[in-house]
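Have a look at the structure below, then the notes.
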Amino acid sequence: MEVFEFFRQDSWPHLFCPGCGNGTVMNCFQRAFSELEMDLSKTAFVGGIGCSSRIPLYINSDAMHTTHGRAIAFATGLRLSRPDLKVVVFTGDGDLGAIGGNHFINGCRRNVDLTVICINNNIYGMTGGQASITTPHDFLSTTTPYGNKEYPFDLAEIAVAAGANYVARWTTRHVHELTKSIKAAIGKSGFSFVEAVSQCPTNFGRRNKMGEPTALLDWFKDSSIRRDKARAAAIDHVDLNLAGQITVGEFVNRDRDSYEKLIGVGNNGD
Amino acid sequence: MTVESGQLFLQGNEACVEGALASDLKFFAGYPITPSTEIAEGLARRLPKTGGVFLQMEDEIACISAVIGSSWGGGKSMTATSGPGISLMQESIGYAAMSETPIVVVNVMRGGPSTGQPTRASQGDVMQTKHGAHGDYQVIAFAPASVQEMFDFTVDCFNYSEKYRVPAFLLSDAEIGHMRGLLTIPDKIKTVRRKEVGVRRSDEAYEVSNELVKPFPTFGRGNKAIVTGMTHSNEGTIEPENWRVHKDLVGRLSDKILKSRRDINKWELINEDAKTIVVAYGSSSFGPRDVATKNPDIGLLRLKSIWPLPEEPLSEVAGRCDQMLVCEMNLGQLYDPIKRVALESGCKKVELLSKMGGEPPTPGDVRDRLRKMGAL
Numbered sequence: 003m004e005v006f007e008f009f010r011q012d013s014w015p016h017l018f019c020p021g022c023g024n025g026t027v028m029n030c031f032q033r034a035f036s037e038l039e040m041d042l043s044k045t046a047f048v049g050g051i052g053c054s055s056r057i058p059l060y061i062n063s064d065a066m067h068t069t070h071g072r073a074i075a076f077a078t079g080l081r082l083s084r085p086d087l088k089v090v091v092f093t094g095d096g097d098l099g100a101i102g103g104n105h106f107i108n109g110c111r112r113n114v115d116l117t118v119i120c121i122n123n124n125i126y127g128m129t130g131g132q133a134s135i136t137t138p139h140d141f142l143s144t145t146t147p148y149g150n151k152e153y154p155f156d157l158a159e160i161a162v163a164a165g166a167n168y169v170a171r172w173t174t175r176h177v178h179e180l181t182k183s184i185k186a187a188i189g190k191s192g193f194s195f196v197e198a199v200s201q202c203p204t205n206f207g208r209r210n211k212m213g214e215p216t217a218l219l220d221w222f223k224d225s226s227i228r229r230d231k232a233r234a235a236a237i238d239h240v241d242l243n244l245a246g247q248i249t250v251g252e253f254v255n256r257d258r259d260s261y262e263k264l265i266g267v268g269n270n271g272d
Numbered sequence: 000m001t002v003e004s005g006q007l008f009l010q011g012n013e014a015c016v017e018g019a020l021a022s023d024l025k026f027f028a029g030y031p032i033t034p035s036t037e038i039a040e041g042l043a044r045r046l047p048k049t050g051g052v053f054l055q056m057e058d059e060i061a062c063i064s065a066v067i068g069s070s071w072g073g074g075k076s077m078t079a080t081s082g083p084g085i086s087l088m089q090e091s092i093g094y095a096a097m098s099e100t101p102i103v104v105v106n107v108m109r110g111g112p113s114t115g116q117p118t119r120a121s122q123g124d125v126m127q128t129k130h131g132a133h134g135d136y137q138v139i140a141f142a143p144a145s146v147q148e149m150f151d152f153t154v155d156c157f158n159y160s161e162k163y164r165v166p167a168f169l170l171s172d173a174e175i176g177h178m179r180g181l182l183t184i185p186d187k188i189k190t191v192r193r194k195e196v197g198v199r200r201s202d203e204a205y206e207v208s209n210e211l212v213k214p215f216p217t218f219g220r221g222n223k224a225i226v227t228g229m230t231h232s233n234e235g236t237i238e239p240e241n242w243r244v245h246k247d248l249v250g251r252l253s254d255k256i257l258k259s260r261r262d263i264n265k266w267e268l269i270n271e272d273a274k275t276i277v278v279a280y281g282s283s284s285f286g287p288r289d290v291a292t293k294n295p296d297i298g299l300l301r302l303k304s305i306w307p308l309p310e311e312p313l314s315e316v317a318g319r320c321d322q323m324l325v326c327e328m329n330l331g332q333l334y335d336p337i338k339r340v341a342l343e344s345g346c347k348k349v350e351l352l353s354k355m356g357g358e359p360p361t362p363g364d365v366r367d368r369l370r371k372m373g374a375l
């Protein structure tokens with residue numbers, strides 16, 4: 003599918019800042035979607051509140067732009083009443099892990115056939131750069147002017163622990179791997195989760211001496227470690243994410259029966 | 000129809016389950032809470048057998064969100080809870096109003112604020128039903144006063160929420176929800192389906208003016224729908240900075256309900272020419288009904304729907320009588336708006352009988368008060 007068919011041209015220009023990683027993730031998603039030859043009339047895209055949660059509104063399909071943190075809950079209801087639709091959630095670190103943490107954990111546990119793509123930019127970008135649950139320890143934000151004294155959440159590890167069928171994390175520096183994982187996630191039956199660590203030069207980079215988008219991408223490159231190379235570290239390290247290193251890779255790929263299958267609703271493509 | 004006609008002896012909450020199934024409910028999400036849990040339990044048993052989905056979510060916020068998501072798939076969707084759950088749901092109730100999503104919310108009221116009296120009845124959620132979320136919007140609320148009405152008004156909630164694309168509330172309480180009584184399920188039940196983009200049916204919903212209620216762009220039908228809680232144009236484009244779009248949208252959300260009061264509102268009048276009229280609804284009408292049926296000098300205006308406020312019958316009654324007494328199981332939540340309408344319509348005195356603590360006003364409570372007002 004052509005880029006111009008995939009996106010709603012009437013909603014251009016988009017609202018993302020120059021250098022934002024959302025465009026990279028959208029691009030990867032569009033590639034994965036096209037390679038799977040899926041039909042936009044049989045999909046629905048759901049977002050919460052935040053920059054990344056706006057992505058559904060730019061895709062040429064049915065879109066639901068919901069309340070802050072609740073996208074997975076909205077998507078669960080939609081998917082269970084319309085199992086003929088592939089439902090994809092776009093969310094951010096604050097939307098998914100802070101205000102929506104409960105729905106994230108229980109979504110992974112319930113294992114409804116949803117694909118959740120979290121663009122983790124380590125900051126509340128839309129509101130102007132406040133610390134989020136993934137802001138690295140000691141980093142600066144408008145609400146941590148003396149450095150962030152909390153420890154960051156590891157969203158992918160939570161998804162693994164809570165029972166998602168597919169969990170992967172990459173950065174916007176890993177476009178090929180990210181595209182491949184998005185493809186695998188969409189094709190997966192049950193709850194699939196892809197975390198894309200992404201740059202927010204405007205509200206994260208500038209406050210942390212990485213104002214150029216390329217500075218953040220270089221940082222992602224230098225600090226990323228594939229899980230197969232860092233397995234030992236991954237096990238006893240809780241605050242992996244950006245606390246010195248970013249563990250990336252495909253963490254889980256399993257086949258627990260989806261909730262739809264267990265309650266006998268619709269057909270989930272398997 | 001998914002329920003059998005005939006007569007049953009059951010609980011109010013169970014009658015609500017029958018009403019929802021008779022309305023072709025497709026999706027229910029719930030979270031355990033006293034005193035509404037029997038509705039979730041009933042639907043957990045019954046709904047999967049009719050091809051619907053029952054889901055127990057992680058909290059009430061998730062319930063209302065899932066119900067709204069499901070409604071965009073095109074099927075009738077409902078949740079049931081009590082006061083604390085409604086408090087949690089408010090943000091998404093505002094979302095449903097803004098995105099014009101037909102949903103039914105059952106509130107089996109208990110005493111509040113906070114955890115309050117979980118097992119006792121109250122009418123403390125009257126105002127949070129209407130004004131719970133931020134911003135201006137209108138909803139529809141029915142107040143059942145019997146097991147039969149738990150069934151009938153559940154059907155009404157679905158019909159009006161579908162017709163006007165709005166959240167509709169069944170505002171029950173612990174007294175009505177747990178009381179047992181006879182339910183007659185008729186052979187034929189009138190159900191309304193929302194007006195959908197690209198679908199043509201000979202339904203009542205199709206008679207609603209296009210100006211006020213737009214056809215519903217169901218998901219998965221190639222509509223490329225945009226559903227959002229942000230200020231949006233009729234085409235779904237996001238326009239948060241455009242004052243005119245905001246004014247027109249929010250104005251229309253209110254107008255579509257307020258201008259349809261005559262279609263939505265239902266009430267019952269006993270001894271309509273009496274010079275003293277008692278106004279009550281739900282379980283606060285038990286006592287007044289007893290007094291009015293035994294005394295021709297005392298009238299009763301029982302509101303079967305309370306939102307939008309039934310201004311027409313209130314104004315008519317207020318214009319004829321000398322004094323009114325509003326009976327409520329709260330500190331006067333519906334009393335203030337009723338008083339406004341009554342005074343504007345020429346009634347000289349409007350008093351409040353407020354019964355707190357979980358017990359509905361008894362006939363004795365009502366008679367005592369009417370004696371003090373010089374009516375008895």
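Line by line, the protein sequences give chains H and X. So for the first sequence, the working numbering puts the first residue at 3; every next one is plus one. So for the second sequence, the working numbering puts the first residue at 0; every next one is plus one. Heads up, the beta-carbon is just placed ideally off N, CA and C, and yes, glycines get one too.
Query	Result
Give me the Cα-Cα distance between P31 (chain X) and I60 (chain X), rounded to the nearest whole angstrom.	13 Å
Would you list the residues sitting across from Q55 (chain X) in a DSSP beta bridge?	X:G29
Below 8 Å on C-beta distance, what does M229 (chain X) contact in chain H?	H67
Quick one: what's got a C-beta closer than 6 Å to S36 (chain H)'s C-beta in the same chain, skipping five residues either side?	M3
Return no unless some Cβ of chain X is closer than 8 Å to the Cβ of A232 (chain H).	Low confidence applies to A232 (chain H): its pLDDT is 47, below 50, so where it sits in the model is not reliable, and the reading given next is rough at best. Cβ-Cβ to chain X under 8 Å: no for A232 (chain H).
Consider the Cβ of Y94 (chain X): report whether some Cβ of chain H lies at a distance smaller than 8 Å.	yes
So, helix, strand or coil for N255 (chain H), using DSSP?	strand
Can you check the region 34–94 of chain X for any alpha helix (DSSP H) of at least 4 residues that lies completely inside it and give the ranges in chain order?	36–45, 59–71
Let me know the secondary structure DSSP gives L300 (chain X) once reduced to three states.	strand
Could you pull the DSSP bridge partners for F155 (chain H) from this structure?	None; F155 (chain H) has no bridge partner.
Quick one: residues in its chain with C-beta nearer than 6 Å to the C-beta of L302 (chain X), no 5 flanking neighbours on either side, listed in chain order?	W266, Y280, P309
Can you give me, in chain order, the residues of the region 102–124 of chain H that have a beta carbon less than 7 Å from any beta carbon in chain X?	N104, H105, N108
What residue range is occupied by the uninterrupted beta strand (DSSP E) comprising M126 (chain X)?	Premise fails: M126 (chain X) lies in the alpha helix (DSSP H), 125–130, not in any beta strand (DSSP E).
Since N329 (chain X) meets chain H, which of its residues come closer than 8 Å, beta carbon to beta carbon?	Residues of chain H passing the Cβ test: none, with the nearest at roughly 28 Å.
Whose C-beta lies closer than 6 Å to the C-beta of R179 (chain X) among residues of the same chain, with five residues either side of it excluded?	Q10
Touch check for the region 165–180 of chain X and the region 144–151 of chain X: three-plus C-beta pairs under 8 Å?	yes
Could you work out which residue in X:L42, X:E17, X:P362, X:G72 is closest to F215 (chain X) when comparing CA atoms only?	X:G72
For V114 (chain H) versus R81 (chain H), is the C-beta spacing smaller than 8 Å?	yes
Flag this pair as yes or no: are the beta carbons of T93 (chain H) and A73 (chain H) separated by less than 8 Å?	yes
Consider the Cβ of V226 (chain X): report whether some Cβ of chain H lies at a distance smaller than 8 Å.	yes
Return the residue from the list H:V48, H:H70, H:F31 that minimises the CA-CA distance to T181 (chain H).	H:F31
Select from the region 151–172 of chain X all residues with a C-beta closer than 8 Å to any C-beta belonging to chain H, and list them in chain order.	none
Between the Cα of R164 (chain X) and those of X:K194, X:L352, X:G356, spot the shortest distance and give me the residue it belongs to.	X:K194
Quick one: grab the DSSP three-state call for G363 (chain X).	helix
So what does DSSP say about V177 (chain H), is it helix, strand or coil?	helix
Any heavy atom of the ligand GTP inside 7 Å of the beta-carbon of I237 (chain X)?	As for the ligand GTP, it is missing from this structure, which has no ligand bound.
Let me see if you follow: with CB-CB separation under 8 Å, is I60 (chain X) close to chain H or not?	yes
Looking at I125 (chain H) and F253 (chain H), is the spacing between their C-beta atoms short of 8 Å?	no
Would you tell me roughly how many angstroms separate the C-alpha atoms of G109 (chain H) and R175 (chain H), rounded to the nearest one?	28 Å
In the DSSP assignment, the beta strand (DSSP E) including F168 (chain X) goes from what residue to what residue?	166–172
For T183 (chain X), collect the residues of the same chain with a Cβ closer than 7 Å to its Cβ; drop the 5 residues on either side in sequence, then sort them by chain order.	Q6, Q147
Along the region 210–224 of chain X, where does the CB come closer than 7 Å to a CB of chain H? Name the residues.	F218, G219, G221, N222, K223, A224
What is the rounded straight-line gap between the Cα of T68 (chain H) and the Cα of I337 (chain X)?	35 Å
Among the residues of its own chain, which have a CB less than 6 Å from the CB of A232 (chain H), if the five just before and after it don't count?	For A232 (chain H), the predicted model reports a pLDDT of 47, less than 50, meaning its position is unreliable; a value from the coordinates is still stated below. Answer for A232 (chain H): T249, listed in chain order.
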